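**Student:** Residue numbers (the working numbering): 41 to 358.
For every residue, glycine included, the Cβ atom is placed at its ideal position computed from N, Cα and C.
Model, not experiment: these values are computed from the prediction.
Okay, handing you the structure first.
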Amino acid sequence: MIPEKLRNRLSMPAMVAPLFLVSGPDLVVESCKAGFVGSFPTLNQRTPEGLEQWLVEIRNRLSNAHAPFGAQFGIHRTNPRQAPDLALAIKYEVPIVITTLGITREITDAIHAYGGLVFHDATTVKHAVKAIDANVDGVIAVSQGAGGHAGTINPFAFLTELRPVVGDRILILAGAISNGRSAAGAIAAGADMVSLGTCFVPTIESMAPVEQKQMVVDSTADDIIYTDEISGIGASFLAQTLKKFRKTNEPKKGFDVAEEINPKLWRDYWSAGQGVGGSSEIIPARALCERIIEDYAVGLTRAEFGAGWRASAPNDRS
Ligand SMILES: Cc1cc2nc3c(=O)[nH]c(=O)nc-3n(C[C@H](O)[C@H](O)[C@H](O)COP(=O)(O)O)c2cc1C
Numbered sequence: 041m042i043p044e045k046l047r048n049r050l051s052m053p054a055m056v057a058p059l060f061l062v063s064g065p066d067l068v069v070e071s072c073k074a075g076f077v078g079s080f081p082t083l084n085q086r087t088p089e090g091l092e093q094w095l096v097e098i099r100n101r102l103s104n105a106h107a108p109f110g111a112q113f114g115i116h117r118t119n120p121r122q123a124p125d126l127a128l129a130i131k132y133e134v135p136i137v138i139t140t141l142g143i144t145r146e147i148t149d150a151i152h153a154y155g156g157l158v159f160h161d162a163t164t165v166k167h168a169v170k171a172i173d174a175n176v177d178g179v180i181a182v183s184q185g186a187g188g189h190a191g192t193i194n195p196f197a198f199l200t201e202l203r204p205v206v207g208d209r210i211l212i213l214a215g216a217i218s219n220g221r222s223a224a225g226a227i228a229a230g231a232d233m234v235s236l237g238t239c240f241v242p243t244i245e246s247m248a249p250v251e252q253k254q255m256v257v258d259s260t261a262d263d264i265i266y267t268d269e270i271s272g273i274g275a276s277f278l279a280q281t282l283k284k285f286r287k288t289n290e291p292k293k294g295f296d297v298a299e300e301i302n303p304k305l306w307r308d309y310w311s312a313g314q315g316v317g318g319s320s321e322i323i324p325a326r327a328l329c330e331r332i333i334e335d336y337a338v339g340l341t342r343a344e345f346g347a348g349w350r351a352s353a354p355n356d357r358s
């Protein structure tokens, strides 16, 4: 369930996901102005000082008339930026703190103390249960086919198992949602909100190189490879970039956030999810949001009328 204070500021129940090396202030601000939660990973700024500048800039460019923004934090013992970045989140009262890898009660208490919300990325029910134990406000179910560190669970199966676990908190579905009809389908299937990543890579405001944007536009789901060989945990990549850069016989790595924040890795191997087929051109983020909002209305109508079908009790048919 989406709390009123968040619902009132959204055009539809959607957020633009944090995207490494892709999301910066322009994408966040344009998304929020369109009524989507805009977000970015704190590691997109190379230093805490740079992060502070972004937080000041985003705060100055947005008001309460817009959707709130979110920042994403990697909670892991190997992340040297965890403590300084979280301190900045508290100082600047980041409205939505998105955590990945880990979460503690101490962190959620600190964010709740200033009225912020905490969403946690989960790829398994076990991760979601841990996050709820830490008192998060929302669970982002990162399902099969998502860009970045995707899960492996089918979204219908994941929503079915997570809905009772998440209860009255916010259940957000992520993974290959690239248009409003898919968003409406996710809501019909039990999500409260959706998170869209890949389809915002080919936007004008995205910081991705134009070649990466064009590759997303030109690709289909067949071009997406899911592998743990690049970063140590499973993630989705555009096959074209793996062919170009893959070095054979490299030993498989263990997971280490210090390696994760090595931008070279993600600069060489471009990530995208199976929803790439939903992108057909490079457009302004606000235009994309507007297109998704219109299409969401179409999707809700399809869900309501079952595209020509209405459920009927067996008796009605006698
Ligand atoms: C290019 C790209 C970069 C991403 N970077 C991150 C990241 O830094 N941290 C993170 O938690 N998720 C990251 N993700 C995953 C997204 O936050 C989100 O879960 C995912 O994009 C949703 O699925 P979709 O891409 O199919 O819409 C990334 C995804 C993409 C496509």
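1. With a cut-off of 8 angstroms, do at least 3 Cβ pairs link the region 244–259 to the region 218–227?
2. Going straight from the alpha carbon of His152 to that of Val234, what length do you get?
3. Can you tell which of Ala111, Gly230, Glu269, Gln112 has its C-alpha closest to the C-alpha of Tyr309?
4. Return the first residue and the last residue of the beta strand (DSSP E) that Ser276 is part of.
5. In three-state terms, what does DSSP make of Met255?
6. Report yes if the C-beta of Ser319 is less than 7 angstroms from at least one heavy atom of ligand 1; otherwise report no.
7. Just to check, is the beta-carbon of Ala231 closer than 7 angstroms to a non-hydrogen atom of ligand 1?
8. Express the C-alpha separation of Ile193 and Gly230 in angstroms, rounding to a whole number.
9. Looking only at its chain, what residues have a beta carbon closer than 8 angstroms to the beta carbon of Ser246, apart from the 5 residues adjacent to it on each side?
10. Using the beta-carbon count (16 or more within 10 Å), is Asn289 buried or exposed?
11. Just list the residues that DSSP pairs Tyr266 with in beta bridges.
12. DSSP beta-bridge partners for Gly114?
13. Provide the residue span of the alpha helix (DSSP H) that contains Ala162, from first to last.
14. For Gly187, verify whether its CB is less than 7 angstroms away from any heavy atom of ligand 1.
15. Quick check for students: name the residue ranges of the alpha helix (DSSP H) that lie wholly in the region 46–81, counting only runs of 4 or more.
16. Any idea if Asn48 is buried or exposed, counting beta-carbon neighbours within 10 angstroms, 16 or more meaning buried?
17. Would you mind reading off the limits of the beta strand (DSSP E) that contains Ala337?
18. Ala181: which of Thr139, Gly155, Arg145 sits nearest, CA to CA?
19. Let me know the secondary structure DSSP gives Gly185 once reduced to three states.
20. Let's test the definition: count the other Cβ atoms within 10 Å of the Cβ of Val338 and tell me whether it reaches 16, buried, or not, exposed.
21. Could you tell me the alpha carbon to alpha carbon distance between Met41 and Leu199, rounded to whole angstroms?
22. Going by CA-CA distance only, name the one from Asn355, Glu330, Pro88 that's closest to Gly75.
23. Within 8 angstroms, do at least three Cβ pairs link the region 90–103 to the region 127–134?
24. Using 7 angstroms as the cut-off, classify the Cβ of Pro81 as near or not near the heavy atoms of ligand 1, replying yes or no.
25. Leaving aside the five residues before and after Gln280 along the sequence, list all residues of the same chain whose C-beta is less than 7 angstroms from its C-beta, in chain order.
26. With respect to 7 angstroms, is the separation between the Cβ of Asp262 and the closest non-hydrogen atom of ligand 2 below this value?
**Tutor:** Looking at the coordinates:
1. no
2. 22 angstroms
3. Glu269
4. 275–278
5. helix
6. no
7. no
8. 15 angstroms
9. Leu59, Val62, Ser63, Leu67, Phe240, Lys253, Ala325
10. Low per-residue confidence applies at Asn289: pLDDT is 49, beneath 50, and the placement is therefore not dependable, though the value from the model is reported in the following sentence. It is exposed - the Cβ of Asn289 has fewer than 16 other Cβ atoms within 10 Å.
11. Ser276
12. Thr140
13. Counting along the chain, Ala162 falls outside any alpha helix (DSSP H), though it belongs to the beta strand (DSSP E) covering 157–162.
14. yes
15. 65–73
16. exposed
17. That residue, Ala337, is in no beta strand (DSSP E); its alpha helix (DSSP H) goes 325–345.
18. Thr139
19. coil
20. exposed
21. 14 angstroms
22. Glu330
23. yes
24. yes
25. Met255, Asp263
26. You won't find ligand 2 in this model; what it holds is ligand 1.
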